[in-house]
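Engineer: The structure that follows is given in the form of structure tokens.
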Amino acid sequence: MKEKCRIQIEKSAFVMGCVDETGTLRGHSIQTEGSRGKNKAVLPQIFLQMSDRKYGNKTTIIQGVCFIGRNPSLHAGDIRVVEAVDTPCLRHLKDVVVFPSKGDRSLPSILSGGDLDGDEYFVIWDSTLVPKIWNSPPMHSTPVTPQDLERGVEVDDLRNFAVKYMKNDCLGFVAVAHLAHADALGLNHPICLQLAKLHSQAVDYLKTGVPAEWNRARYQPSKWPHFMQRNSCTYPSHKALGKLYNRVAEENFDYVPSCEDEFDSRITQRFDFTDEILASARNLKQQYDVAVRRLLKQFRVATEFELYSGWAMSKPAVGSDYKLQEDLGQQFDTVKQRFREMCIQEAGIAGGSKLEELVAAIYKVTEDEAKDFLAEAEAEGEALEYSPKAMPLISFPWIFHWVLVKIAMGHSYQPSKTSLAAATRPTPMATAAPPQQEDHTSQGIDTPFVEEPRRSIEVPKEAVKVDGEADLIDFDAIRTEPATTRCNTPEESTEYTPSRSAVSSRIEGIESKVNQLLRLYEDSDGD
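Going by the working numbering, the sequence shown opens with residue 162, and the numbers climb by one from there.
Right under this line is the structure:
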């Protein structure tokens, strides 16, 4: 939780909403708002039938008192206590929450201004978590009338609104201020109620064109609860979030990279490498190392492990942790895909033994660099504790880890039956002699995975030259790979689902810079 993880609740669901077309569910009644009673007979009704998580053909119909809401919920009335019932005429609906079509007010609209055009709602039927007050009055706000130009929208209108939006968007300020004030003053304090209305206006700013009026002098908190992790003006919070924060134990994970891990002889001894292919492998690795070290410096990441796994240990100077991990993964995906294409082009074909030999040569070059580094350190009498900046990079061959698995497994490799965990290292006696080379001249590289399309813009290959560090531009790419851990043997790697080549356009690069400026602007009033 300290790093924004989510708490799983067993008796809960996060589902899309739809309407009861049969008109059988009881709707909301304004007469119950604000009452202290707990009469289940007057609660709004919902229908929820959930599929079993283990056995998809089995379902469970939720019944009884539960509560429902939508993210974000800032007003006390945004969370509604309802009754889940079994309605035979609605049993054909599964894994959706069915809202009543009756009542004096739409139930979804009470839930943080929700609707039924794709909004998702959480439903919790754990009796220990049901709010003590069942009928908190919902937030009543006057709808903002969108601006009407009385003419067609022109490019200048879009440009002017984009500038206006960047100047007046205060959604982040409102949300942070509400969280701090709600802990200190309570949800029903006038300041929190006003901030809840401002938050609703700020969310709808893009649709209405009318900004929320942020008054920093009035709404900026003077002190912060300790769980918000501010550098100054903090106080210990004794409410729910503060107690949860204190109960979460922090685990210090200090990863120290090492060059002492053994490389797999099944790969390094598979081919008789020529000087030409080793020179080609060194050249490719040199360019790859330049690109990776540039990313390490750009994102202020200390180790190659963090880059390859997609998880940075350090906090970003600008923006959120989530944004850092997302950008880090996208940028490294682009580098990996670019060098895959370069290696395939260098091999001359899109598969076969030529590519296998090149990947094995890159693996061999990586091993040689690691051994040279260790030998040099030992000759100088240094202890085997090195700065990550001084150590050679070892991740390059692993952008083709499925090829390494095939090389290591040899004749036993079967794409349809092979998982990376099955590529076990043989006994020392079995590796004493180099394995016989298998004839792959007529075979392609069997890749046991399925291509997934990228959502980013495709750019012709001629526009993606990699001649040096200046050409390694940080284009955005959509991350579709699962995070993997740096390792030196195929059996330690995780499975990989690759995707087609994608390099974003310069326009997306500009958009990324604009977003960075926006984050700087939003964070300027944080402390």
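Note that the Cβ used here is the ideal one computed from N, Cα and C, for glycine as well.
(1) Starting from S212, follow its DSSP beta bridges and name the residues at the other end.
(2) Give the secondary structure of P269 by DSSP, where H, G and I count as helix, E and B as strand, and everything else as coil.
(3) I believe V520 touches P558 by the beta-carbon criterion, under 8 Å. Please report the beta-carbon distance rounded to the nearest angstrom.
(4) Whose C-alpha, out of S267, P304, R312 and P233, is nearest the C-alpha of F283?
(5) What's the gap between the Cα of T395 and the Cα of G490?
(6) Enumerate in chain order the residues of its own chain whose CB-to-CB distance from T183 is below 6 Å, with the five nearest sequence positions on each side excluded.
(7) Would you kindly work out how many angstroms separate the C-alpha atoms of A323 and V316, rounded to a whole number?
(8) For the ligand HEM, any of its heavy atoms closer than 7 Å to the Cβ of E315?
(9) Looking only at its own chain, which residues have a Cβ that is under 8 Å from the Cβ of P292, when we skip the five neighbours before and after it?
(10) Mind pulling the beta strand (DSSP E) runs of 3 or more residues that sit fully within the stretch 263 to 342?
(11) In angstroms with no decimal places, state the Cα-to-Cα distance between Q210 and Q390.
(12) Short of 7 Å in beta carbon distance, which residues of its chain neighbour G274, apart from the five on each side in sequence? Order them along the chain.
(13) Determine the contact status of Y524 and I428, defining contact as a CB-CB distance below 8 Å.
(14) Contact between the stretch 327 to 335 and the stretch 371 to 380: three or more CB pairs below 8 Å?
(15) How do the stretch 440 to 453 and the stretch 532 to 539 stand: do at least 3 beta-carbon pairs fall below 8 Å, yes or no?
(16) What three-state label does DSSP hand G238 in the structure shown?
(17) With distances taken between CB atoms, is the gap from V226 to E244 smaller than 8 Å?
(18) Give me the Cα-Cα distance between E517 and L290, rounded to the nearest whole angstrom.
(19) What residues in its chain sit with their C-beta under 8 Å from that of A631, if we drop five residues either side in the sequence?
(20) From which residue to which residue does the beta strand (DSSP E) around I170 run?
(21) Under the assumption that H342 contacts P382 (Cβ atoms under 8 Å), give the Cβ distance between them as a whole number of angstroms.
(22) What three-state label does DSSP hand Q492 in the structure shown?
(23) With a threshold of 6 Å on Cβ separation, who are the neighbours of M177 within its own chain once the five nearest residues in sequence on each side are excluded?
(24) If we ignore side chains and look at the alpha-carbon of each, how far apart do M570 and F561 end up?
(25) So the candidates are E541, A336 and F466; which of them puts its Cα closest to the Cα of K690?
(26) Mind reading off the beta-carbon distance from L186 to K263? Whole number of angstroms is fine, and I expect it under 8 Å.
(27) Can you tell me whether DSSP reads G571 as helix, strand or coil?
(28) I need the straight-line Cα distance from V564 to V364, nearest angstrom please.
(29) Looking only at DSSP bridge pairs, what is P386 linked to?
(30) Helix, strand or coil for Q381 per DSSP?
(31) Measuring alpha carbon to alpha carbon, tell me which residue in K368, Y406, G195 and A336 is nearest Q355.
(32) Determine which residues share a DSSP beta bridge with V409 and list them.
(33) Got a sec? Which residues, its chain only, sit under 8 Å from L346 by beta carbon, not counting five neighbours each side?
(34) Which class does L254 belong to by DSSP, given the choice of helix, strand or coil?
(35) Using only the alpha-carbon positions, how far apart do F434 and S426 sit?
(36) As a quick exercise: from I271, R266 and N321, pick the residue whose alpha carbon is nearest that of G230.
Structural biologist: Let's see:
(1) T220
(2) helix
(3) 6 Å
(4) P233
(5) 33 Å
(6) C250
(7) 11 Å
(8) Inclusion of the ligand HEM in the displayed structure is not the case, the ligand content being empty and no account of it being possible.
(9) F228, I240 and V242
(10) 281 to 285
(11) 40 Å
(12) S361
(13) yes
(14) yes
(15) no
(16) helix
(17) yes
(18) 57 Å
(19) Below a pLDDT of 50, predicted positions are generally treated as unreliable, and A631, at 33, falls in that range; the measurement from the model is reported next regardless. Once the five neighbours on either side are set aside, A631 has no close Cβ partner at all.
(20) Here I170 belongs to no beta strand (DSSP E), and DSSP marks it neither H nor E.
(21) 6 Å
(22) helix
(23) V257 and E281
(24) 15 Å
(25) As shown, the chain starts at 162 and ends at 688. That puts residue 690 outside it, with no answer to give.
(26) 7 Å
(27) helix
(28) 48 Å
(29) Y396
(30) coil
(31) A336
(32) According to DSSP, V409 bridges with nothing at all.
(33) I352 and C353
(34) coil
(35) 14 Å
(36) I271
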